[in-house]
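J.: Pasting a structure below so you can have a look.
Protein chains: 4
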Amino acid sequence: MDFSQPPSLQALLDKISQFVESELFPLERTFLLEGFNAVMPGLAAARERVKELGLWAPNHPTEHGGMGLDLMQHAAISKELGRSPLGHYAFGCQAPDAGNIELLHQFGSPEQKERWLDRLVSGEVRSCFGMTEPQVAGSNPNLIECRARRDGDDYVLDGQKWFTSGADGAALCIVMAVTNPDAPKYQQASMILVPTDTPGFERVRNTPVMGHAGEGYFSHSEVSLRDCRVPVSALLGPEGKGFTLAQTRLGPGRIHHCMRWLGICQRALELMCARAATRLIAPGEMLADKQIIRAWIAESAAEMQAAELMVQHAAWTMHIQGNKAARHSISMIKFYVAGVLQRVVDRALQVHGALGMTDDTVLAFFYREERASRIYDGPDEVHKMSLARQILKSYR
Amino acid sequence: MDFSQPPSLQALLDKISQFVESELFPLERTFLLEGFNAVMPGLAAARERVKELGLWAPNHPTEHGGMGLDLMQHAAISKELGRSPLGHYAFGCQAPDAGNIELLHQFGSPEQKERWLDRLVSGEVRSCFGMTEPQVAGSNPNLIECRARRDGDDYVLDGQKWFTSGADGAALCIVMAVTNPDAPKYQQASMILVPTDTPGFERVRNTPVMGHAGEGYFSHSEVSLRDCRVPVSALLGPEGKGFTLAQTRLGPGRIHHCMRWLGICQRALELMCARAATRLIAPGEMLADKQIIRAWIAESAAEMQAAELMVQHAAWTMHIQGNKAARHSISMIKFYVAGVLQRVVDRALQVHGALGMTDDTVLAFFYREERASRIYDGPDEVHKMSLARQILKSYR
Amino acid sequence: MDFSQPPSLQALLDKISQFVESELFPLERTFLLEGFNAVMPGLAAARERVKELGLWAPNHPTEHGGMGLDLMQHAAISKELGRSPLGHYAFGCQAPDAGNIELLHQFGSPEQKERWLDRLVSGEVRSCFGMTEPQVAGSNPNLIECRARRDGDDYVLDGQKWFTSGADGAALCIVMAVTNPDAPKYQQASMILVPTDTPGFERVRNTPVMGHAGEGYFSHSEVSLRDCRVPVSALLGPEGKGFTLAQTRLGPGRIHHCMRWLGICQRALELMCARAATRLIAPGEMLADKQIIRAWIAESAAEMQAAELMVQHAAWTMHIQGNKAARHSISMIKFYVAGVLQRVVDRALQVHGALGMTDDTVLAFFYREERASRIYDGPDEVHKMSLARQILKSYR
Amino acid sequence: MDFSQPPSLQALLDKISQFVESELFPLERTFLLEGFNAVMPGLAAARERVKELGLWAPNHPTEHGGMGLDLMQHAAISKELGRSPLGHYAFGCQAPDAGNIELLHQFGSPEQKERWLDRLVSGEVRSCFGMTEPQVAGSNPNLIECRARRDGDDYVLDGQKWFTSGADGAALCIVMAVTNPDAPKYQQASMILVPTDTPGFERVRNTPVMGHAGEGYFSHSEVSLRDCRVPVSALLGPEGKGFTLAQTRLGPGRIHHCMRWLGICQRALELMCARAATRLIAPGEMLADKQIIRAWIAESAAEMQAAELMVQHAAWTMHIQGNKAARHSISMIKFYVAGVLQRVVDRALQVHGALGMTDDTVLAFFYREERASRIYDGPDEVHKMSLARQILKSYR
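Residue numbers (the numbering used here), protein chains in the order written: chain D, 1 to 396; chain P, 1001 to 1396; chain Z, 2001 to 2396; chain U, 3001 to 3396.
As structure tokens, then:
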């Protein structure tokens, strides 16, 4: 076993880390107090500088303008970027575009790639991913209700989606829809590329989440598809392979998310320590002198170390042995890291007292928005059941 | 021991509970999506009906227009009202007015009462309480920096306050300020009545809390006092007795808060059960059939039962033996019930999945706003230390 | 609501508490280091003094030599006695005799009472209760396998029991056996009185529990019944009513157990505080000066207060409204109090460091033996499911 | 980063694992029910077979008869051995001999090595380590009271030790004693080799721990040193360097302990799964079908994975960068892994129900004996404080 990082990667991480601190941290206040649109100009300028520095789209293929880094390298970067809620966007590797680009790159037809890939990687346009539906449990893919009926050379889509993140302002939506209702249950759905200006594709509203409807990239929309007609050539990959593609997309996506969460933890721990070290609570006594605060710092550091090693191990397994071999590991990190995230942010907030409740630090944002980490891409409980089922197989 | 409630109280609670469900629950959606001002007309109408039903201001003295109920009775009511974020306001017993009214009633001069009490109790005007300061730890009252300098027949106040809840729109602020800097440390501060239109009293901003600056009653302001001059007759109670008065105010206040939190828990448990019982997760299988969900329901119910009995016991102790005898109990309930609140709301949110993150239920509001419960009126950790110190006394 | 205890009860509790401290604490060392038989002479003497003081068998009927106290009074006493592992035995109200005596008193025939009751209440003989079986889940009463076949005027019992507590040295065993295998599932079993000298009744071994086979009263036996013949008159209560009788027995039994556990918590908290207050960890610094220790003390005190009120409430509900109305409450206290017990004892042990691992305090005994509290009389998880099922009924 | 194990190591681990299962698991029952002495003959035979297989003393230098494996390799082996309480002893790498051998190998004089090393490595004799004292907090090394006074060419030792593990039957004790009371605080103590047959060295008793005084290797003794005279040549390493040597010993020792604990976790998880998969709880329903059980299995697996990676990382850091660089990591694993151990064993016990309380499985032994893991080598809390202090340094 060898836990060392190559020095070249370490240098890259340092460079990115400094950029995040010096260029993105200062934008956060505007973002927190005035919203995403208010920070768009600042972010556009930051994106230009990222491109000039050759740091753009670290995870995307070089032939489309990215850095072409592998899963383990990008995982390390994702942590650095995660320290700011603006990190991934500023570096052109934000979800859900990142996953969509991967799908197009792996499964897109030449025309699909031609039409979308360069523009998506460059950040000229954005995309969204229409999978989750309000009426059925997202954790059970068999329950998907959106239909894509074949009609001549077209598919006609009808259905309802929500939590379609970033739909507000997106040019493209990759929609999961049932094309083959009579096929075996994991072969009923397909992925279909639906430009958002297609008639019948309607963004109903940005769902208010934790007090905010959000706007633009930072929003989660409810989307209605009514008689929404796209040509058969809009099919992404083979018909009926929607779940297979989704699985392909989810594995690395969970690595990225988990490392992003660890970046959040890192930031929270930094804020927690900085606050504790400078907050006077009695004459001559700092908050950091208190044992309970110290216990929280130590417990957070230990859990974060444990979590990071688990994610790196999962990334390594996926990198060397493929997605399937990494299934256990992916289930594990999904619920374990989400738990660490919630505990660390909660402690950091508590250390800040009333200030932690305000938007004068980024902690309250993390606290409320990242509560979703235990829910999306499968709630904790579903991953635990899946993992246990696999473990128990050898005991039956 | 006798755990029974008198039938008359039970009838009253049922009546209030029904009102909350039928009249206030329907207003919540507007409140959550559009803010407090948007729901003001609906609330004003609800307040009128509450008055017509003879349920107004249950905790306030009958001579000023309230129902004159005792601490234990009002505690039970506070739980019913807590099921909606609009409950206490609709019934005229919202913080911080409730505490301020108690202070004025107990310690106000005849002129002070004459000027303020009826108008506050009736809801004609609102008040706020200026204690917490941004630069010093709220948990240590000795660190208060706001000064009230005696100048002839006036006090001249200078200082900075924040988390002055409801200052936006309030007519009166009860300000805690140091009048006697050379006195022993718990006898330095006094409470002073400062009308908010006094020159030098400025509401700087509504501090953004969990993503929202809020508005009107639902807001927490930063307040600046600069050469703010009030007559000596504005002193509430004796000079130097600010902390004593604050203690008087805090005891029953914590009972009310804790019972309000238990109302929130009750609502969260109801939503959790209702969701679980109706959410299909696989053909023929409901979420409520799942063991993990059932464990959460059982654990929540047990913790809530434990918490409620503790609060009732603390209220009873305070009622029978006075504030001082109840000190242990008050410290206990403060951190214990806040912990139950956080766990129960967290579970209810998780049971709702993505929906729990949205503002289509009230859970996300409770999740983010009530995180403050572990902080205000003394963070959990301070109460634990205080309780342990008292327990350890007999072992030294 | 009224949380006061009558002064007469309080005086009784004080008297008992002093006896436990002065007479039983000193016997514990011999018990811990040398076992139950070694402490028997000391206990016999203590029992005599208890009788002289008129404190014998507080829960048993006066006509059979007890004090005749009601459920709530005995609950309070049970906590005092629980502070020592020898408490209940010394006062003649130890399980399983206490439950057996209740059964005999309520359901026994005149001959059965005549033969057993006085001798059991006086402590002249002991009894055991044969319900749990090694091959089937104790939490599912339908799975009971021991059979009692009717043969003329006799029952012939065949089966295997374990965790028959106190069988070693007992004169009587109340055996749960299936008499009516074709009846509906909760009406198949009956309770049968089997003197332990009946041919075919064999104590196979004392099962080693947490490192010790135990001896005499402090042991849990495996019992074999082979062609074990008793007259039909040995039936306790009606045939097929075994489960009904068991339920009757379990309700108050759980109250007693929970209060006993709270006595253990009380003792653990006392030891924790005393140790912390006297253990020097650095020049001039006591363990009790440490925040983490204080947090544990406070959390323990709060949880114990919560737990005690819950148990008292459950006892009150059962006392006023009967066993059935108290079902929710009984499920709640069973798992909630067992959890508190484990946490408090664990903290107390940790505060003692290496000493906590030794048998030089009673903590290591509590730590290992009382781990069973989360298992017997239904594991935590079974009680949680039962409670949740009842709560969810109104949401279907 | 590279998480792969070399195939040769994996083959070795498989061989050891099979030996543990086939040769040691069958000995456990005798050990659990009759004690260590009863299992000595079986263990002696097992040791012979281990030697024949060339697996003896994996961590010890080849020149003294060991396999000479490095820290990371032995860590992996330690986990396999940890699955049985007899594993380390059977393979000749049991504590405290392992640490003592390391000390002698690194710091012993030629005569000391000559006299002790081969005999200790071969298992011909055993040793113990006399550090902890009953009257002072083990977590604070400054408080050590045992004195070694220089008298001519001798040291004369006086003091009291306890938790001297394995003293019963040991030939040698390495005693930590103050030789230089006036030196700076971390330079006062020295390590001195005291043969246990030295006049004045007395094993007072085997301290009863969790119900058992133990015997032979499985015991923890109280040791008295009275006028105990050894020649100056018995000094191990330089005078006044006792703490430095102890630190050297502790680092790798904690790696070994943590991996041993992970072996226990592995065993507990195996037992938990096997029990769940075969225990019928209702007709047609296995315990393993229950969601709560599955959640425990998944949580245990995740925590164990996290813990193992942390320990491997700490071992790697120590291996590559030395003890000092690994200080953070060592503090982390000490408390983190001990916590995982306790939770996993607790869950496994609960899954076994009443059986889990008995000594018919090894779980009850793990439950009670390994409670010490959170205490020895520094309680959790001390390690947390130490880690936090180091983290906070960069924020001051």
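Note that beta-carbon positions come from the ideal geometry of N, C-alpha and C, so glycine has one too. Bear in mind that the values here come from a model prediction, so they are computed numbers and not experimental data.
When the Cα atoms are used, what is the spatial distance from isoleucine 293 of chain D to isoleucine 2292 of chain Z?
T.: Sequence index remark: in the first sequence, residue 293 of chain D carries index 293 (1-based). Sequence index remark: in the third sequence, residue 2292 of chain Z carries index 292 (1-based). So the two alpha carbons sit approximately 10 Å from each other.
J.: Could you name the residues of the segment 3312-3331 of chain U whose beta carbon sits closer than 7 Å to any beta carbon of chain D, in the order they occur along the chain?
T.: So the list reads Gln3312, His3313, Trp3316, given in the order they occur along the chain.
J.: Report yes or no: is there a C-beta of chain U within less than 8 Å of the C-beta of phenylalanine 2031 of chain Z?
T.: Within the third sequence, the letter at position 31 stands for residue 2031 of chain Z. Phenylalanine 2031 of chain Z does not count as touching chain U.
J.: According to DSSP, is proline 3041 of chain U part of a helix, a strand, or is it coil?
T.: Mapped onto the fourth sequence, residue 3041 of chain U falls at position 41. Three-state result, proline 3041 of chain U: helix.
J.: Can you round the beta-carbon distance between serine 1078 of chain P and valine 1020 of chain P to whole angstroms, since I take them to be within the 8 Å contact cut?
T.: Here the question's residue 1078 of chain P lines up with position 78 in the second sequence. Here the question's residue 1020 of chain P lines up with position 20 in the second sequence. Actually they are not in contact, since the Cβ atoms of serine 1078 of chain P and valine 1020 of chain P sit about 12 Å apart, beyond 8 Å.
J.: With 7 Å as the C-beta to C-beta threshold (strictly closer), list the residues of the segment 190-211 of chain D near chain P in chain order.
T.: Cβ contacts with chain P come from Thr207, Pro208, Val209, Met210, Gly211.
J.: Can you list, in chain order, the residues of its chain with a C-beta nearer than 6 Å to that of isoleucine 2281 of chain Z? Leave out the 5 residues immediately preceding and following it.
T.: For the purposes of this step, residue 2281 of chain Z is taken as residue 281 along the third sequence, with counting starting at 1. Once the five neighbours on either side are set aside, the close Cβ partners of isoleucine 2281 of chain Z are Leu2287.
J.: What are the residues that DSSP puts in a beta bridge with arginine 205 of chain D?
T.: As a first step, residue 205 of chain D must be located in the first sequence, where it is residue number 205. Per DSSP, D:Glu222.
J.: Only counting the same chain, and skipping five residues up and downstream in sequence, which positions put a Cβ closer than 6 Å to that of alanine 1170 of chain P?
T.: Here residue 1170 of chain P is taken as the residue at index 170 of the second sequence, counted from 1. These residues qualify, in order along the chain: Arg1126, Ser1127, Cys1128, Thr1196.
J.: Have a look at alanine 2388 of chain Z and alanine 1298 of chain P and give me their C-alpha separation to the nearest angstrom.
T.: Here residue 2388 of chain Z is taken as the residue at index 388 of the third sequence, counted from 1. Here residue 1298 of chain P is taken as the residue at index 298 of the second sequence, counted from 1. When rounded, the distance between both Cα atoms is 5 Å.
J.: Would you please verify whether the beta carbon of alanine 3295 of chain U is less than 8 Å from any beta carbon of chain P?
T.: On the fourth sequence, position 295 is the one that residue 3295 of chain U refers to. Closer than 8 Å: yes.
J.: Less than 8 Å between the C-beta atoms of methionine 2010 of chain Z and methionine 1001 of chain P, yes or no?
T.: Counting from one through the third sequence, the residue named residue 2010 of chain Z turns up at place 10. Counting from one through the second sequence, the residue named residue 1001 of chain P turns up at place 1. Note on residue identity: the sequence assigns glutamine, not methionine, to residue 2010 of chain Z. No, they are not a contact pair.
J.: Between the C-alpha atoms of valine 2337 of chain Z and leucine 2262 of chain Z, what's the straight-line distance to the nearest angstrom?
T.: Residue mapping note: residue 2337 of chain Z aligns to position 337 of the third sequence, counting from 1. Residue mapping note: residue 2262 of chain Z aligns to position 262 of the third sequence, counting from 1. One C-alpha to the other measures close to 8 Å.
J.: Helix, strand or coil: how does DSSP classify lysine 3161 of chain U here?
T.: Along the fourth sequence, one-based indexing puts residue 3161 of chain U at 161. Correct three-state label for lysine 3161 of chain U: strand.
J.: Between the alpha carbons of glutamine 1160 of chain P and leucine 1117 of chain P, how many angstroms are there, rounded?
T.: Along the second sequence, read from residue 1 onward, the residue named residue 1160 of chain P stands at position 160. Along the second sequence, read from residue 1 onward, the residue named residue 1117 of chain P stands at position 117. Cα to Cα, glutamine 1160 of chain P sits roughly 26 Å from leucine 1117 of chain P.
J.: Go through its chain and collect everything with a Cβ distance to arginine 2115 of chain Z's Cβ below 7 Å, but skip five positions before and after it.
T.: Translated into the one-based positions of the third sequence, residue 2115 of chain Z becomes position 115. Within the same chain, arginine 2115 of chain Z has no close Cβ partners at all.
J.: According to the Cβ coordinates, are tryptophan 56 of chain D and glycine 42 of chain D closer than 8 Å?
T.: For the purposes of this step, residue 56 of chain D is identified with residue 56 of the first sequence, where counting begins at 1. For the purposes of this step, residue 42 of chain D is identified with residue 42 of the first sequence, where counting begins at 1. No, the pair does not count as a contact, with Cβ atoms beyond the cut-off.
J.: With distances taken from CA atoms, which of U:Glu3048, U:Thr3361, U:Phe3335, U:Ala3301 is nearest lysine 384 of chain D?
T.: Your numbering for residue 384 of chain D matches position 384 in the first sequence. Comparing Cα-Cα distances from lysine 384 of chain D to each of U:Glu3048, U:Thr3361, U:Phe3335, U:Ala3301, the minimum goes to U:Ala3301.
J.: Looking at chain D, is there any beta carbon in it that lies within less than 8 Å of the beta carbon of proline 1184 of chain P?
T.: Here residue 1184 of chain P corresponds to residue number 184 of the second sequence, with the count starting at 1. Cβ-Cβ to chain D under 8 Å: no for proline 1184 of chain P.
J.: Is the beta carbon of leucine 2363 of chain Z less than 8 Å from the beta carbon of leucine 2271 of chain Z?
T.: Residue numbering aside, residue 2363 of chain Z sits at position 363 when the third sequence is read from its first letter. Residue numbering aside, residue 2271 of chain Z sits at position 271 when the third sequence is read from its first letter. It is a contact, given that the beta carbons lie within the stated cut-off.
J.: Would phenylalanine 25 of chain D count as contacting chain B if we go by Cβ distances under 8 Å?
T.: Among the chains of the structure shown, chain B does not appear; the protein chains present are D, P, Z and U.
J.: Quick one: list the residues of chain P neighbouring lysine 3384 of chain U, beta-carbon separation under 8 Å, in chain order.
T.: Residue mapping note: residue 3384 of chain U aligns to position 384 of the fourth sequence, counting from 1. Simply none; closest approach about 15 Å.
J.: Is the shortest distance between the beta-carbon of isoleucine 1292 of chain P and the beta-carbons of chain U less than 8 Å?
T.: If you number the second sequence from 1, residue 1292 of chain P lands on position 292. It does: the Cβ of isoleucine 1292 of chain P has a partner Cβ on chain U nearer than 8 Å.
J.: Using a beta-carbon distance below 8 Å, is methionine 3259 of chain U in contact with chain D?
T.: To locate residue 3259 of chain U, count along the fourth sequence from 1; it is residue 259. Not an interface residue.
J.: Whole angstroms is fine: what's the gap from serine 1219 of chain P's alpha carbon to cysteine 1273 of chain P's?
T.: Translated into positions along the second sequence, residue 1219 of chain P becomes position 219. Translated into positions along the second sequence, residue 1273 of chain P becomes position 273. Near 31 Å, if we compare the C-alpha coordinates of cysteine 1273 of chain P and serine 1219 of chain P.
J.: When the distance is taken between beta carbons, is alanine 1354 of chain P closer than 8 Å to isoleucine 375 of chain D?
T.: For this step, residue 375 of chain D is matched to residue 375 along the first sequence. For this step, residue 1354 of chain P is matched to residue 354 along the second sequence. It is a contact, given that the beta carbons lie within the stated cut-off.
J.: Since cysteine 1146 of chain P meets chain Z, which of its residues come closer than 9 Å, beta carbon to beta carbon?
T.: Translated into the one-based positions of the second sequence, residue 1146 of chain P becomes position 146. None at all; the shortest Cβ gap to chain Z is about 29 Å.
J.: Could you work out which residue in Z:Ser2221, Z:Asp2070, Z:Gly2082, Z:Leu2081 is closest to threonine 3358 of chain U when comparing CA atoms only?
T.: As a position in the fourth sequence, residue 3358 of chain U is number 358, starting the count at 1. Here the closest residue by C-alpha is Z:Ser2221.
J.: Would you please state the rounded distance, in angstroms, between the beta carbons of isoleucine 3174 of chain U and asparagine 3100 of chain U? I believe it to be under 8 Å.
T.: Numbered from its first residue, the fourth sequence carries residue 3174 of chain U at position 174. Numbered from its first residue, the fourth sequence carries residue 3100 of chain U at position 100. The Cβ separation is near 6 Å, so the contact holds.
J.: Cβ closer than 9 Å: which chain P residues qualify as neighbours of phenylalanine 36 of chain D?
T.: Mapped onto the first sequence, residue 36 of chain D falls at position 36. The contacting residues do not exist; phenylalanine 36 of chain D stays about 12 Å from chain P at best.
J.: Nearest-angstrom Cα distance between valine 3340 of chain U and cysteine 3265 of chain U?
T.: Translated into the one-based positions of the fourth sequence, residue 3340 of chain U becomes position 340. Translated into the one-based positions of the fourth sequence, residue 3265 of chain U becomes position 265. Whole-angstrom Cα-Cα distance: 8 Å.
J.: Which residue's Cα is closest to the Cα of alanine 3090 of chain U: U:Gln3342, U:Tyr3395, U:Val3039, U:Glu3063?
T.: Locating residue 3090 of chain U in the fourth sequence gives position 90, counting from the first residue. The candidate whose alpha carbon is nearest that of alanine 3090 of chain U is U:Val3039.
J.: Against chain P, with Cβ distances strictly below 8 Å, would glutamate 381 of chain D count as a contact?
T.: Sequence index remark: in the first sequence, residue 381 of chain D carries index 381 (1-based). For glutamate 381 of chain D, the answer is yes, since a Cβ of chain P falls inside 8 Å of its Cβ.
J.: Near phenylalanine 366 of chain D, which residues of its chain fall below 7 Å by C-beta distance, leaving aside the five closest residues on each side in sequence?
T.: Position 366 of the first sequence, counted from the first residue, corresponds to residue 366 of chain D. Counting only Cβ-Cβ distances below 7 Å, and skipping sequence neighbours, we find Ile264, Ala268, Val345.
J.: Under 7 Å Cβ-Cβ, which residues of chain D neighbour glutamate 3080 of chain U?
T.: Mapped onto the fourth sequence, residue 3080 of chain U falls at position 80. Here the premise fails: no neighbours, minimum Cβ distance about 16 Å.
J.: In the DSSP assignment, find the beta strand (DSSP E) that holds proline 3195 of chain U and state where it starts and stops.
T.: Here residue 3195 of chain U refers to the residue found at position 195 of the fourth sequence. Element bounds for proline 3195 of chain U: 3189-3195.
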